[in-house]
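Asks: In the working numbering, the protein residues as written are -19 to 120. Dropping a structure here in structure tokens format, bear with me for questions.
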């Protein structure tokens, strides 16, 4: 490894250490070769929504379908997609558990008790799509 690579690696290690030790993020590992990385990690989000937020699997499935639909809508520009995803993150996803039932809001983020959210960090996450991206570090 050349000097530039070593300096970048050291910086990355310090950032990961900061997130783990100071901010108490969970370390998910190096995801460079992990298959099926996505901009929405459905399994992690499902676990959080079920175990920490207390939602049922059926309402989680409907909310995640809506989130994925909005995030993956290639008929819109990036600005409009990001605006709609932000709206779901900030104001929740409006869903009905069953036909004929009242609409309820599923909160993707616990705004009332922020410390109860699931904070995690991963390295070298390759996300394939129209343009493959690989940031050095991602957090959620």
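Note that CB positions come from ideal geometry on N, CA and C, so glycine has one too. These numbers were taken from a predicted model, which means no experiment stands behind them.
Suppose only complete runs of 3+ residues qualify. What are the beta strand (DSSP E) ranges in the stretch 39 to 92, listed by chain order?
Replies: The DSSP assignment places complete beta strand (DSSP E) segments of no fewer than 3 residues inside the stretch 39 to 92 at 73 to 75, 84 to 86, in order along the chain.
Asks: Would you check if the stretch 22 to 41 and the stretch 76 to 88 touch, i.e. whether three or more CB-CB distances between them fall below 8 Å?
Replies: Judged by pairs of C-beta atoms under 8 Å, the stretch 76 to 88 touches the stretch 22 to 41, as three or more such pairs exist.
Asks: Do residue 47 and residue 68 have their C-beta atoms within less than 8 Å of each other?
Replies: yes
Asks: Just to confirm, are residue 32 and residue 81 a CB contact at a threshold of 8 Å?
Replies: Not in contact: residue 32 and residue 81 (Cβ atoms no closer than 8 Å).
Asks: Which of helix, strand or coil does DSSP assign to residue 3?
Replies: DSSP places residue 3 outside both helix and strand once states are collapsed to three, so it counts as coil.
Asks: Taking the alpha carbon of residue 92 as the point to measure from, which residue in 83, 71, 100, 106 has its own alpha carbon closest?
Replies: 71
Asks: Note down the Cα distance separating residue 90 from residue 18, rounded to an integer number of angstroms.
Replies: 22 Å
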